[in-house]
Amino acid sequence: MHLRSNIWESLPATLLLCIVFCDCGAVAARYQGAARQRGVRFNAAHMTFNHAYVHNVSTDLTGGALNIEMWLLRDVVPGFMTKFDVFISLSADKKRFQSIFAYNVDLCGIMNNLSRITLLRAWMLNVIKYSNLKPHCPLVAGHYYIRNFTVEKGSIPVYLQAGEYRIVTHHYYKGKKNKKEIRVADFQADVGID
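According to this note's numbering, the stretch in the sequence shown is residues 809 to 1002, in order.
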């Protein structure tokens, strides 16, 4: 499946995680002594999703700020998994990317343990301040928004070099009886780090 678009369509938790991941360290840069203020620009983004989970999505990238309105049809509960893959562009035409890291996380497990995970807490709280998303699970069904979100200068850790990146996420639940994945959403964003 090829995801190509400049329009964001999403599930609240998906966007929260993707933006948080793009934000990559509101505190990390400070912990690692970032020498200069760096920024992130969203170049393109696309989301496909299961209509049984999300309805009436409205999103745009305007003036460098992200605005999203959406209806979540089902609660996000423990067991909501997200697989993150982060790639760096290897070519000027942005057609070749190399994976730099990938991992799976339980969204509710992270959100409900934020007090123990200082770095993740800082990232999520940075996103939450631009939205009506809650910093804990469950994330109940309803209307959610993220308004005028921009990645704050100085929030990019020094270990991510300037360049073009692709963030790909797969969001799913694992079935309890047969362990089959229930797809919720797939997301891809191309971002530039100054």
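Each residue gets a CB set at the ideal place from its N, CA and C atoms; glycine is no exception.
Extent of the continuous beta strand (DSSP E) run through residue i
i           : result
residue 915 : Where residue 915 is concerned, there is no enclosing beta strand (DSSP E), although the alpha helix (DSSP H) it sits in stretches over 915-919.
residue 893 : 888-897
Identity of the residues DSSP links to residue i by a beta bridge
i            : result
residue 996  : 854, 976
residue 1033 : In the structure as shown, the chain starts at 809 and stops at 1002, and residue 1033 therefore has no counterpart that could be examined.
residue 906  : 896
residue 952  : 878
Under the three-state DSSP convention, the category residue i falls into
i            : result
residue 940  : coil
residue 934  : helix
residue 1005 : Shown here, the chain extends from 809 to 1002; a query on residue 1005 therefore has no answer.
residue 958  : coil
residue 985  : coil
residue 868  : strand
residue 990  : strand
residue 884  : strand
Beta carbon of residue i nearer than 8 Å to that of residue j
i           : j            : result
residue 954 : residue 881  : no
residue 902 : residue 1002 : no
residue 848 : residue 964  : yes
Practice task
Please confirm if the stretch 972-980 is in contact with the stretch 884-902, defined as three or more CB-CB distances below 8 Å between the two stretches.
Solution key: With a cut-off of 8 Å, the stretch 884-902 and the stretch 972-980 count as touching, because enough Cβ pairs lie within range.
Problem - the stretch 904-911 / the stretch 987-994 touching (three or more Cβ pairs under 8 Å) - result: no
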